[in-house]
Every structure is written in structure tokens, then in C-alpha cells.
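The next block holds one structure in the form of C-alpha cells; read it before the comments.
Residue numbers (the numbering used here): 85 to 772.
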């Protein structure tokens with residue numbers, strides 16, 4: 085009973101959930117809450133109840149320790165039925181977060197009162213399930229079907245004022261939340277008014293249909309989205325008890341699905357990724373001023389992220405024209421984000437005041453952290469780090485945003501290798517959440533904690549990596565893309581490979597991605613590594629041929645595809661097909677049809693094999709980190725959980741068969757990763 089404290093104030097039973105830090109609705113909380121409601125029902129001197137949360141929040145949802153396990157009595161629907169059948173009114177007093185089961189609890193009460201900072205939402209769809217305790221039936225009765233479909237199918241979270249405007253909350257108060265809840269019980273409007281007894285507001289059928297189609301489109305018609313729409317619509321056509329039973333059945337079916345398991349996996353993996361091993365859990369270096377070297381797209385994006393996080397930012401570039409343009413663009417972006425309501429006008433103005441533009445190296449002398457974001461060339465980066473060695477203050481963190489290059493090779497240009505760290509941002513840097521934090525061989529022991537803390541302060545998802553070509557993400561993506569190029573020579577066309585992988589769930593296929601980012605980028609990287617490539621290694625020259633003909637992708641209106649008026653052609657043209665066919669002929673390959681499944685499994689097992697090597701080499705500290713990187717940085721479908729989680733769900737004999745296929749396709753130089761270690765480690769990660 086210590087998970088719920090009860091007191092009596094003015095004849096009102098105060099029920100304070102105390103399961104810190106987030107007051108999750110664990111089985112002991114549920115049992116104590118049900119007992120408190122039964123007490124409220126049975127004791128004549130009590131005239132009403134108030135449910136609130138201790139600490140910093142109301143109820144942030146279910147207990148994550150119970151995820152994927154059988155439910156234990158009492159269940160939430162039983163508690164909510166007891167609240168509604170109690171003859172005395174119950175008020176939910178909300179602060180912090182009321183999410184998932186927390187909001188469903190509030191919806192089961194007779195009134196909802198909140199502080200302005202409260203956030204409410206039903207995010208279950210993001211875990212591959214739907215609300216299972218009446219959320220799909222009570223919410224539409226307050227907001228209407230169109231809004232309920234949008235909120236439930238997106239998992240959107242609302243601040244209190246927005247929720248109040250939609251009818252989800254009865255009052256928003258600025259202070260004395262408990263007192264305001266008691267005042268409501270003393271008011272003329274007090275009394276039993278269960279949401280389940282309300283009628284769903286009338287709406288035009290065409291508006292409901294539009295909301296449904298928009299939700300399906302945004303949610304990629306995933307099973308949870310489809311199920312949510314079905315049961316939400318029942319709120320206006322089916323008796324409450326019957327619709328509630330349908331909701332619960334759909335919830336239980338979805339909860340047992342592989343998709344829900346994968347989404348739970350990535351949910352836990354994201355939380356775990358931020359944890360450092362014990363020997364690296366040190367006090368981060370203090371960072372107040374950040375210098376960004378390079379005013380191009382990446383450098384400007386990093387600067388914008390740092391400004392919004394409250395840092396003083398020095399943006400340095402010796403190209404004064406580019407620097408001025410970037411400064412103007414940053415100010416405009418801050419203003420636009422304020423106009424869009426993403427930040428306040430005051431925050432935008434303050435951020436602009438914290439931005440300094442510098443065209444000389446002396447400008448970085450005050451920086452606690454310097455992030456180099458210049459051209460991906462070792463000689464260029466060496467020149468930058470020689471300047472940092474001279475001009476950065478002692479103890480400053482010297483970070484490189486390199487995507488592929490060796491951190492230790494970059495650090496060799498400075499006498500303070502212990503201060504060098506990799507901070508690999510993903511483009512666009514102010515949008516993408518992923519940040520690879522890369523330790524070099526000589527990085528000081530407190531740099532990992534500093535990099536991870538800095539990433540969190542930018543509201544990013546930092547993942548610790550060891551130093552090695554491409555770190556985690558680009559190394560795996562390189563193996564994936566290379567296998568896709570092999571499949572070009574073996575018989576598939578670019579559009580067939582792209583279509584197969586988009587059907588699997590990738591946002592874009594590899595050749596569409598290559599055209600978008602620019603083929604010349606990969607071409608330059610290949611040229612830089614050409615002297616070290618073993619001539620016995622299978623090498624597909626198609627991309628080189630395209631670049632030699634000036635086909636760099638979208639920027640030149642031609643790459644693997646043509647782009648007339650900015651729109652991609654349906655398939656590859658005769659020029660591309662001739663280049664691919666010639667490459668097949670030179671290798672002596674008789675082109676043959678590759679099915680959608682062939683393409684998907686070859687691409688995926690190439691990723692899995694590389695993941696096994698990365699884990700063995702300690703480039704990744706845990707298997708689940710690999711999944712986090714691929715989901716957040718490379719468009720791997722979240723509902724599959726990542727390549728390692730995908731492998732975990734496959735039959736071992738088929739994984740071995742696929743490994744044999746890609747080994748034969750790759751030829752000389754193929755390194756077979758240790759599948760046993762990978763699967764054992766991911767099972768351990770999931771168990772912990």
C-alpha cells in the first residue's frame with residue numbers, strides 16, 4: 085500500500101499515487117488504487133475523491149517492467165469500472181505527464197483538472213498496440229472521432245491548454261492543484277458524469293473519412309493504426325461495453341504480435357543506449373560555449389541545434405561570403421521556428437544574441453567544445469586540427485564530425501590527442517536525433533561522458549561507438565549498399581531493388597538515397613580508398629561509370645534515375661541499364677531474376693553479418709545499440725526493431741543459408757561474422 089497514500093481533506097479522499105519516479109501503473113499501484121476506490125464507495129462520510137500523483141508527474145503510463153508479460157489482476161478496466169460505478173464523483177488532478185494508462189485513468193474520472201505544464205497523450209500505437217483500457221472509447225466522446233483518430237493513431241502528446249481546447253480537460257489552473265480539485269467537488273457542476281455515458285459529438289462522414297485516410301497514410305497502415313481506427317469508430321456505433329470488449333481483444337492480439345515485440349525492443353534499446361559502462365561514468369566536462377568549424381549545411385545545422393539548446397555558439401569559416409549567408413540563414417531559421425510555435429519568440433531572440441560569426445582562428449579561444457564540420461578529407465581535417473592545437477584553450481574538447489575517417493588518424497595532427505572525440509551528426513543535423521559519440525584510442529576517460537551529455541542536451545539520442553571505418557551506422561550501411569550493388573550485376577535493376585526494400589519498410593531504397601545525397605560523394609570516397617583496395621575484391625564499377633558521365637543524382641537531374649521537373653522516373657533508363665549489363669558481362673555473370681524476397685534477405689543478412697563483426701570488434705558496446713543506430717539514422721523500419729532484432733526472429737537454418745548466398749556473391753575478402761555471439765548478445769540485451 086506504500087505505492088498509494090490516502091488522506092482525508094474536507095470530506096474528500098485524496099488518493100496520491102507514489103510509485104516514483106513516473107508513478108507507473110504497476111500491479112501494486114493498481115491493487116492499492118482499487119482498494120482506495122472501494123473505500124471511497126463504502127465510507128458514508130466521504131463525499132468524493134481526488135486522484136493525483138506524487139513527485140514530478142501524474143502517471144506516465146504502464147510499468148515498463150511488465151511489458152511483454154501476462155497481465156496481473158487487478159486490470160485497469162476493472163479499476164476504471166469501479167471509479168465510474170462509485171456513487172461519489174472522482175476528480176483527476178494532473179501535472180507532469182498523463183500518458184497512456186495515465187490518461188485513460190483520468191478519462192475514467194468525472195473531471196480532469198491540470199496545471200499548464202501538463203502533457204497528455206495516448207502513445208500506445210508507437211509500441212505496436214492500442215489503448216487497452218477504454219482510451220479508444222472515452223476520448224472520442226470528449227473530442228469527436230476525427231480528433232481521436234488523429235491523436236490515437238499518431239501518439240501525439242498535447243500540452244494542457246491544447247487538451248483543454250479539445251475538451252479533454254475541464255480546467256487548467258496555475259496553482260494549488262489539489263485545492264482546485266476539491267473546489268470542483270464543491271461546485272455546482274460536481275456530480276457523477278462518467279465519460280462512458282456521453283454521446284460522441286456529431287461530425288460529417290467525409291471529415292471522419294479524411295481523418296481515417298490521413299492516419300493510415302501517416303501510420304503506413306501498420307496493424308496497430310488499422311485496429312485503432314476500427315475501434316475508435318465503434319465509439320459512435322456500438323454500445324460502450326461491447327466496444328470496450330472489442331478494444332481489449334484487439335489490444336491483447338496486438339500485444340502478442342512480433343511487431344509489438346520489435347517496437348518494445350527498440351523502446352528499451354533507446355533507453356539503454358544512453359547508459360555508459362561503469363568505467364566511463366565520469367563527470368562530464370562543463371560546456372557553455374561551442375565553436376563550429378565550417379559554415380556549410382552540416383556546420384550550420386549543428387550550430388542551430390546548439391543555439392536552441394542554450395549554448396553560446398561561434399560559427400567559424402574563412403569563406404566570408406558563405407559565413408554571412410549561413411549567419412543570415414540561422415537567424416531566419418530561428419525566426420521561422422518561433423513562428424511555427426516550436427520555440428518561443430523570446431528564445432529565438434536570445435539564441436540570435438548568442439551567435440557569433442568568426443572568419444579567423446582566434447575566435448575559438450573561448451570555446452569549451454570545438455566541432456569540426458569541414459570537407460571529408462583527411463588532409464583538410466589535419467589542417468583544421470593543427471589550428472585547433474594552437475588556438476583552442478587548454479582542456480577544450482576537440483571534436484570531429486567525420487562520417488568515415490579514422491578518429492586516431494585525425495587526432496595525430498594535434499599534441500592533445502586525449503582531447504579528441506568523434507561527434508558524428510546525421511544530416512540534417514538540427515532534425516536527425518541520432519548522434520554517434522566515437523572514442524579514439526587516446527581519448528580521455530571523461531570524454532565519452534562529455535559527448536553523451538552534450539548529445540542529450542541537444543535532445544538527441546547519443547550512442548557510444550568505438551573507432552573504426554564508418555563506426556556503426558555507415559559501416560553497416562556500406563555493407564548493405566555494396567550487397568545491393570552486387571545484386572545489380574547479378575540481375576536486378578535499381579528500381580527492383582529499391583521497390584523490394586521499400587516494401588520491407590525502408591523509407592527509401594538505396595539507389596534513391598544515393599541519388600538524393602549525390603553519387604559524387606560516394607565516388608570521392610571510393611577514389612580516396614582505391615589505392616588500398618585489394619584487386620581480388622569484388623568491385624562494381626556502375627557508380628563510377630555514372631559519375632564519369634556527369635550523372636551525380638538529383639543535383640544533375642540524372643543518376644540511377646532521371647529527374648524531369650524534379651520528379652523521379654519510374655525506372656532506370658537505357659543508359660543505366662547498358663552500364664549495368666556491361667558490368668555483368670565483364671564479370672561473366674549470366675543475369676537472372678531476383679525475387680523481392682531474394683533482394684530483401686540478401687540486403688538484410690549483409691547488415692546482420694556486418695553487425696556481428698562490429699560487436700565482436702567492440703565498435704558497438706551492445707547489440708541493441710546497432711538497432712538504435714540503423715532505425716534512427718538509416719530509415720530501417722522501426723516496427724521490425726533493427727537488423728539484429730530481425731535476425732533474432734528468423735530461423736537459424738535460413739540465416740545460415742543466406743550467409744552462404746552473400747558469401748558466394750561477395751567472393752574474396754568476405755569475413756563471416758560470429759552469428760552465435762550476435763544472437764546471444766541481443767538475447768541478453770532483451771532479457772536485461
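Quick reminder that beta carbons are idealized off the backbone N, C-alpha and C, glycines included.
Legend entry - residue 108 vs residue 147 beta-carbon contact at 8 angstroms: Mapped onto the chain shown, residue 108 falls at position 24. Mapped onto the chain shown, residue 147 falls at position 63. Yes, Cβ-Cβ distance for residue 108 and residue 147 is below 8 angstroms.
Legend entry - Assigned exposure category for residue 134 - 16 Cβ within 10 Å defines buried: Within the chain shown, residue 134 is the residue found at index 50, counting from 1. That one is buried.
Legend entry - Straight-line gap, residue 458 to residue 448 (C-alpha atoms, nearest Å): In the chain shown, counting from the first residue as 1, residue 458 sits at position 374. In the chain shown, counting from the first residue as 1, residue 448 sits at position 364. Spanning the two alpha carbons is a distance of roughly 15 angstroms.
Legend entry - As assigned by DSSP and simplified to three states, the class of residue 43: The question about residue 43 has no answer, for the chain in this structure spans 85 to 772.
Legend entry - Contacts around residue 564, its chain only, beta-carbon distance under 6 angstroms, and the 5 residues preceding and following it disregarded: Indexing the chain shown from 1 puts residue 564 at position 480. Contacts found: 687, 690 and 691.
Legend entry - Validate contact between the segment 350-364 and the segment 323-336 using beta carbons, cut 8 angstroms, 3 pairs: no
Legend entry - Span separating the alpha-carbon of residue 733 from that of residue 744: As a first step, residue 733 must be located in the chain shown, where it is residue number 649. As a first step, residue 744 must be located in the chain shown, where it is residue number 660. Each residue's alpha carbon lies about 19 angstroms from the other.
Legend entry - Separation of residue 86 from residue 175, as counted between CA atoms: Here the question's residue 175 lines up with position 91 in the chain shown. Here the question's residue 86 lines up with position 2 in the chain shown. C-alpha of residue 175 to C-alpha of residue 86: approximately 21 angstroms in a straight line.
Legend entry - Sequence ranges, alpha helix (DSSP H) only - wholly within the segment 628-702, length at least 4: Complete alpha helix (DSSP H) runs here, min 4: 658-671 and 680-700.
Legend entry - CA nearest to the CA of residue 561, picked from 590, 577 and 141: Taking the first residue of the chain shown as position 1, residue 561 is located at position 477. When each option's Cα is compared against that of residue 561, the closest is 590.
Inset, instruction - Could you tell me whether the Cβ atoms of residue 193 and residue 167 are closer together than 8 angstroms? - result: Numbered from 1 along the chain shown, position 109 holds the residue referred to as residue 193. Numbered from 1 along the chain shown, position 83 holds the residue referred to as residue 167. Closer than 8 angstroms, so yes.
Legend entry - Segment limits, alpha helix (DSSP H) that includes residue 99: Numbered from 1 along the chain shown, position 15 holds the residue referred to as residue 99. Run containing residue 99: none in the alpha helix (DSSP H); it sits in the beta strand (DSSP E), 96-101.
Inset, instruction - Please report the residue range of the alpha helix (DSSP H) in which residue 549 lies. - result: Stepping through the chain shown from its first residue, residue 549 is reached at position 465. Careful: residue 549 lies outside any alpha helix (DSSP H), inside the beta strand (DSSP E) at 545-550.
Legend entry - Nearest residue (CA-CA) to residue 91, options 106, 112, 132 and 115: As a working mapping, residue 91 is identified with position 7 in the chain shown. Of 106, 112, 132 and 115, the residue nearest in Cα terms is 132.
Inset, instruction - Have a look at the DSSP bridge pairing and note the partners of residue 190. - result: Reading the chain shown from its first residue, position 106 is the one you call residue 190. Answer is none; residue 190 lacks a bridge partner.
Inset, instruction - List the residues that DSSP assigns as beta-bridge partners of residue 135. - result: Along the chain shown, one-based indexing puts residue 135 at 51. Partner(s): 99 and 176.
Legend entry - Closest by C-alpha distance to residue 463, when choosing among 500, 493, 203 and 217: On the chain shown, residue 463 is found 379 positions in, with the first residue counted as 1. If we check each option's Cα against that of residue 463, 493 comes out closest.
Inset, instruction - Evaluate the contact criterion for the segment 528-537 versus the segment 341-356: three or more CB pairs, one atom per stretch, below 8 angstroms. - result: no
Legend entry - Assigned secondary structure, residue 317 (DSSP; H/G/I helix, E/B strand, else coil): Here residue 317 refers to the residue found at position 233 when the chain shown is read from its first residue. Residue 317 falls in the helix class under three-state DSSP.
Legend entry - Reduced DSSP secondary structure (H/G/I, E/B, other) of residue 442: The residue labelled residue 442 in the question sits at position 358 within the chain shown. Here residue 442 sits in strand by DSSP.
Inset, instruction - State the Cα-Cα distance for the pair residue 715 and residue 599, rounded to the nearest angstrom. - result: As a position in the chain shown, residue 715 is number 631, starting the count at 1. As a position in the chain shown, residue 599 is number 515, starting the count at 1. Residue 715 and residue 599: Cα-Cα distance of roughly 21 angstroms.
Inset, instruction - Please report the Cβ distance between residue 455 and residue 374, rounded to the nearest whole angstrom; I am assuming they are in contact, meaning their Cβ atoms lie under 8 angstroms. - result: Translated into positions along the chain shown, residue 455 becomes position 371. Translated into positions along the chain shown, residue 374 becomes position 290. Right, the Cβ-Cβ distance comes to about 7 angstroms (below 8 angstroms), so this counts as a contact.
Inset, instruction - Go through its chain and collect everything with a Cβ distance to residue 654's Cβ below 8 angstroms, but skip five positions before and after it. - result: Here residue 654 refers to the residue found at position 570 of the chain shown. Once the five neighbours on either side are set aside, the close Cβ partners of residue 654 are 579.
Legend entry - Rounded separation between residue 483 and residue 221 - CA only: In the chain shown, the residue the question calls residue 483 occupies position 399. In the chain shown, the residue the question calls residue 221 occupies position 137. Going by the C-alpha atoms only, they are around 51 angstroms apart.
Inset, instruction - With DSSP collapsed to three states, give me the class of residue 122. - result: For the purposes of this step, residue 122 is taken as the residue at position 38 of the chain shown. When secondary structure is reduced to three states using DSSP, residue 122 falls in the helix class.
Legend entry - residue 710 in three-state terms, based on DSSP: In the chain shown, residue 710 corresponds to position 626, counting from 1. Here residue 710 sits in helix by DSSP.
Legend entry - Rounded straight-line distance, which links the Cα of residue 523 to that of residue 698: Numbered from its first residue, the chain shown carries residue 698 at position 614. Numbered from its first residue, the chain shown carries residue 523 at position 439. Rounded to whole angstroms, residue 698 to residue 523 spans 15 angstroms at the Cα level.
Inset, instruction - Using the Cα positions of residue 417 and residue 396, report the straight-line distance between them to the nearest angstrom. - result: As a first step, residue 417 is located in the chain shown; it is residue number 333 there, counting from the start. As a first step, residue 396 is located in the chain shown; it is residue number 312 there, counting from the start. Distance between residue 417 and residue 396, taken at the CA atoms: about 17 angstroms.
Inset, instruction - Report the rounded CA-to-CA distance for residue 229 versus residue 316, giving the unit in angstroms. - result: Within the chain shown, residue 229 is the residue found at index 145, counting from 1. Within the chain shown, residue 316 is the residue found at index 232, counting from 1. Using only the alpha carbons, I get a separation of about 7 angstroms.
Inset, instruction - Would you check if there are 3 or more beta carbon pairs closer than 8 angstroms linking the segment 177-184 to the segment 289-298? - result: no
Legend entry - residue 465 versus residue 402: straight-line alpha-carbon distance, rounded: The residue you call residue 465 lines up with position 381 of the chain shown. The residue you call residue 402 lines up with position 318 of the chain shown. Their Cα atoms are separated by approximately 14 angstroms.
Legend entry - Per DSSP, the bridge partner or partners of residue 197: Residue numbering aside, residue 197 sits at position 113 when the chain shown is read from its first letter. In the DSSP assignment, residue 197 is bridged to 177 and 255.
Inset, instruction - Check whether the Cβ atoms of residue 303 and residue 431 lie closer than 8 angstroms to each other. - result: Counting from one through the chain shown, the residue named residue 303 turns up at place 219. Counting from one through the chain shown, the residue named residue 431 turns up at place 347. No, these two residues do not count as a Cβ contact at 8 angstroms.
Inset, instruction - For the segment 123-132 and the segment 95-104, state whether three or more C-beta atom pairs, one from each stretch, are separated by less than 8 angstroms. - result: Yes, they touch.
Inset, instruction - For residue 399, write down the residues that DSSP places opposite it in a beta bridge. - result: Counting from one through the chain shown, the residue named residue 399 turns up at place 315. Looking at the DSSP assignment, residue 399 forms a beta bridge with 376 and 441.
Legend entry - Minimum Cβ-Cβ distance from residue 581 to chain C less than 8 angstroms: In summary, chain C is missing from the structure at hand, where a single protein chain is found.
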